[in-house]
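**Q** Questions regarding the structure given below will be posed in turn.
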Amino acid sequence: MTPTSWTHEHQEALATKLAPFAIDGLGLAVSGGSDSLAMLYLIADWASEAGVTVKVATVDHGLRAEAKDEAKLVAEHCRTLGVPHSTLEWRGWDGTGNLQSMARKARISLLADWAKDVDVSRVALAHTMDDVAETFLMRLGRGAGAAGLAKMTESRDVSGVEFIRPLMAFRRSELRAYLQERDAAWVEDPSNQDDRFDRVRLRKMLPDLESAGVNVTSIAKSAENLRGVSEALDHYTRTAAEDAVTIEDCNLWLDLARLTQHPAEIQRRLISGAVEWMSPFEYAPRGKSVQRVLAQLKEQEQTVLRGCLFVRVGERVLVTREFAAVEGLSVAVGEVWDGRWLLRGIVADGAEVRALGSDGLQLCPDWRETGRKRAALLVSPSVWVSGELVSAPLVGKANAITAEPQKHWEDFLQTALSH
Numbered sequence: 338m339t340p341t342s343w344t345h346e347h348q349e350a351l352a353t354k355l356a357p358f359a360i361d362g363l364g365l366a367v368s369g370g371s372d373s374l375a376m377l378y379l380i381a382d383w384a385s386e387a388g389v390t391v392k393v394a395t396v397d398h399g400l401r402a403e404a405k406d407e408a409k410l411v412a413e414h415c416r417t418l419g420v421p422h423s424t425l426e427w428r429g430w431d432g433t434g435n436l437q438s439m440a441r442k443a444r445i446s447l448l449a450d451w452a453k454d455v456d457v458s459r460v461a462l463a464h465t466m467d468d469v470a471e472t473f474l475m476r477l478g479r480g481a482g483a484a485g486l487a488k489m490t491e492s493r494d495v496s497g498v499e500f501i502r503p504l505m506a507f508r509r510s511e512l513r514a515y516l517q518e519r520d521a522a523w524v525e526d527p528s529n530q531d532d533r534f535d536r537v538r539l540r541k542m543l544p545d546l547e548s549a550g551v552n553v554t555s556i557a558k559s560a561e562n563l564r565g566v567s568e569a570l571d572h573y574t575r576t577a578a579e580d581a582v583t584i585e586d587c588n589l590w591l592d593l594a595r596l597t598q599h600p601a602e603i604q605r606r607l608i609s610g611a612v613e614w615m616s617p618f619e620y621a622p623r624g625k626s627v628q629r630v631l632a633q634l635k636e637q638e639q640t641v642l643r644g645c646l647f648v649r650v651g652e653r654v655l656v657t658r659e660f661a662a663v664e665g666l667s668v669a670v671g672e673v674w675d676g677r678w679l680l681r682g683i684v685a686d687g688a689e690v691r692a693l694g695s696d697g698l699q700l701c702p703d704w705r706e707t708g709r710k711r712a713a714l715l716v717s718p719s720v721w722v723s724g725e726l727v728s729a730p731l732v733g734k735a736n737a738i739t740a741e742p743q744k745h746w747e748d749f750l751q752t753a754l755s756h
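Here is the structure:
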């Protein structure tokens with residue numbers, strides 16, 4: 338049965354959840370929907386008693402005409418509560434790519450920047466138990482593993498700002514009941530009724546699942562249990578990475594003998610992490626493609642996956658970029674190239690950073706003395722002016738140009754642990 342009231346016990350539970358954050362200011366991300374609006378009222382009341390400063394931001398993605406009015410409505414609620422409000426605008430979609438994913442990332446980025454500007458170290462997001470259950474079912478339909486099915490974390494750091502989710506123990510119906518008691522009107526986003534979205538279709542199916550004994554509470558409990566499983570896998574993934582993986586010049590070396598001593602799931606995580614860490618793709622490679630790479634490396638010298646080249650050298654495997662994936666990439670000196678390197682130095686007008694390639698490597702006859710593998714040097718950064726090679730720092734032809742790696746060990750670990 339769906340709960341439909343907000344009780345004193347709920348209030349006490351929320352206060353307990355918020356208690357650790359009573360030490361400084363708190364930002365709230367409020368869209369005007371029922372979940373975030375309830376969070377605004379609940380936390381504003383708590384903050385008043387706890388002596389905590391609250392600041393609110395609404396993100397207008399510029400995708401719906403109603404968005405401006407919704408932001409104004411949130412601002413009116415904030416004025417009623419005596420809470421400062423800001424509207425953050427995003428106009429970054431060019432009509433291509435995954436709109437929902439891009440909008441989510443833009444929202445978090447805007448909120449993180451805003452938090453720094455208004456001097457708050459934490460921002461609360463209004464995810465509920467219903468969101469946990471819906472996300473679980475969506476990922477279940479995609480064949481996700483333990484990490485994908487695990488309950489979203491209570492908090493995470495983005496650019497030095499901690500994003501917290503204090504409402505995950507509560508149902509959406511409870512929050513709406515609370516707003517009705519407060520006579521506070523919320524906004525209904527029309528996209529929440531659009532059956533083109535997986536989440537909407539699953540949300541409409543939940544009542545049927547409840548009649549079969551599978552409800553939001555039980556699904557959320559399973560997600561919470563899998564969070565513990567995922568954390569255990571993270572522990573062993575970190576141990577395996579320290580045992581079998583090393584970094585060299587924004588490339589990875591895998592000790593094949595040590596890697597294959599670990600369970601298949603840990604191997605998958607490390608290979609997936611390596612590819613996602615090195616390439617610009619938004620999502621990790623699928624499990625079958627990772628298994629294919631591992632199988633091929635036992636029988637052949639090299640294979641490719643998602644723009645990454647795997648080269649077997651004895652009992653080790655070099656993971657670097659595939660030349661075809663970076664051949665057309667060029668930036669100015671002083672800009673990050675391929676997400677991996679930042680070259681600095683004084684150069685002539687028209688200088689560009691691009692992959693060294695075989696033509697460039699031929700101009701560096703002593704490249705073997707560097708001890709680096711040819712495959713890695715082909716995709717290393719170099720500076721060219723009017724078709725002439727000016728600098729190739731990793732081959733010993735620096736010419737006062739420095740190459741700063743933008744990929745680091747801890748970044749790789751975090752990527753591998755996210756699987």
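First residue of the sequence shown? That's 338 in the working numbering, and the numbers climb one at a time after it. Glycine residues also receive a C-beta, built at the ideal position from the N, C-alpha and C atoms.
Who are the near neighbours of V627 in its chain, counting only those whose CB is closer than 7 Å to its CB and skipping five residues on each side?
**A** Locating residue 627 in the sequence shown gives position 290, counting from the first residue. Excluding residues within five positions, the ones whose Cβ falls inside 7 Å are R605, I608, S609.
**Q** Could you pull out every residue in the same chain whose Cβ sits closer than 8 Å to the Cβ of E741, ignoring the five residues on either side in sequence?
**A** Counted from its first residue, the sequence shown places residue 741 at position 404. Only residues of its own chain outside the window of five on either side were considered, and among them W678, L679, L680, R681 have a CB closer than 8 Å to the CB of E741, listed in chain order.
**Q** How many whole angstroms separate the CB atoms of L693 and A729, which I take to be in contact at a CB cut-off of 8 Å?
**A** Walking along the sequence shown from the start, residue 693 turns up at place 356. Walking along the sequence shown from the start, residue 729 turns up at place 392. With a Cβ gap of about 5 Å, L693 and A729 count as contacting.
**Q** At what residues does the alpha helix (DSSP H) containing D535 begin and finish?
**A** Looking up residue 535 in the sequence shown gives position 198. 535 to 548 is the span of the alpha helix (DSSP H), which, as asked, contains D535.
**Q** Could you check where the alpha helix (DSSP H) with N529 kicks off and where it finishes?
**A** Indexing the sequence shown from 1 puts residue 529 at position 192. No alpha helix (DSSP H) holds N529; DSSP gives it neither H nor E.
**Q** Quick check: what's the CA-CA separation for R441 versus L448?
**A** Position 104 of the sequence shown holds residue 441. Position 111 of the sequence shown holds residue 448. Looking at the two C-alpha atoms, the distance is approximately 11 Å.
**Q** Can you say whether F507 is buried or exposed, counting buried as having 16 or more other CB atoms within 10 angstroms of its CB?
**A** Residue mapping note: residue 507 aligns to position 170 of the sequence shown, counting from 1. Classification for F507: buried.
**Q** Tell me whether S496 sits in a helix, a strand or coil according to DSSP, three-state version.
**A** As a first step, residue 496 is located in the sequence shown; it is residue number 159 there, counting from the start. If DSSP states are grouped into helix, strand and coil, S496 belongs with coil.
**Q** Kindly indicate which three-state DSSP category F507 falls into: helix, strand or coil?
**A** Counting from 1 along the sequence shown, the entry for residue 507 is found at position 170. It is coil, neither helix nor strand.
**Q** Since R653 is in the beta strand (DSSP E), which residue starts that stretch and which ends it?
**A** In the sequence shown, residue 653 corresponds to position 316, counting from 1. Where R653 is concerned, the enclosing beta strand (DSSP E) stretches over 653 to 658.
**Q** Is the Cβ-Cβ distance between W614 and T465 less than 7 Å?
**A** Counting from 1 along the sequence shown, the entry for residue 614 is found at position 277. Counting from 1 along the sequence shown, the entry for residue 465 is found at position 128. Not in contact: W614 and T465 (Cβ atoms no closer than 7 Å).
**Q** What's the gap between the Cα of V630 and the Cα of K488?
**A** On the sequence shown, position 293 is the one that residue 630 refers to. On the sequence shown, position 151 is the one that residue 488 refers to. Distance between the alpha carbons of V630 and K488 is about 30 Å.
**Q** Determine the DSSP secondary structure at L365, reduced to helix, strand or coil.
**A** Here residue 365 is taken as the residue at index 28 of the sequence shown, counted from 1. L365 falls in the strand class under three-state DSSP.
**Q** For I556, which of W523, V668, R533, M505 has the nearest alpha-carbon?
**A** Your numbering for residue 556 matches position 219 in the sequence shown. That would be M505, whose Cα lies nearest to the Cα of I556.
**Q** What's the C-alpha gap between A601 and V612?
**A** By one-based count along the sequence shown, residue 601 stands at place 264. By one-based count along the sequence shown, residue 612 stands at place 275. Taking the Cα positions, A601 is about 17 Å away from V612.
**Q** Let me make sure I understand the geometry here. Which of F647, V668, K558 has the alpha-carbon closest to that of R658?
**A** Here residue 658 refers to the residue found at position 321 of the sequence shown. Measuring from the Cα of R658, the nearest candidate turns out to be F647.
**Q** Quick check: the Cα distance between V469 and E499, rounded to an integer number of angstroms?
**A** Stepping through the sequence shown from its first residue, residue 469 is reached at position 132. Stepping through the sequence shown from its first residue, residue 499 is reached at position 162. So the two alpha carbons sit approximately 19 Å from each other.
**Q** Find the nearest neighbour of A581 within the set A737, V654, S559, T490, judged by alpha-carbon distance.
**A** In the sequence shown, residue 581 corresponds to position 244, counting from 1. If we check each option's Cα against that of A581, V654 comes out closest.
**Q** Taking the alpha-carbon of V455 as reference, which of A394, S559, D406 has the nearest alpha-carbon?
**A** The residue labelled residue 455 in the question sits at position 118 within the sequence shown. That would be A394, whose Cα lies nearest to the Cα of V455.
**Q** Could you check if R502 is buried or exposed, using at least 16 other CB atoms within 10 Å of its CB as the buried criterion?
**A** Here the question's residue 502 lines up with position 165 in the sequence shown. Flag for R502 reads buried.
**Q** I think G362 touches A461, with their Cβ atoms under 8 Å apart; what is that distance to the nearest whole Å?
**A** Counting from one through the sequence shown, the residue named residue 362 turns up at place 25. Counting from one through the sequence shown, the residue named residue 461 turns up at place 124. Contact flag wrong, Cβ pair sits at about 11 Å.
**Q** Assign S423 to one of three DSSP states: helix, strand, or coil.
**A** If you number the sequence shown from 1, residue 423 lands on position 86. Annotated three-state conformation of S423 is strand, per DSSP.
**Q** Are the beta-carbon atoms of R540 and D532 separated by less than 7 Å?
**A** As a working mapping, residue 540 is identified with position 203 in the sequence shown. As a working mapping, residue 532 is identified with position 195 in the sequence shown. No, these two residues do not count as a Cβ contact at 7 Å.
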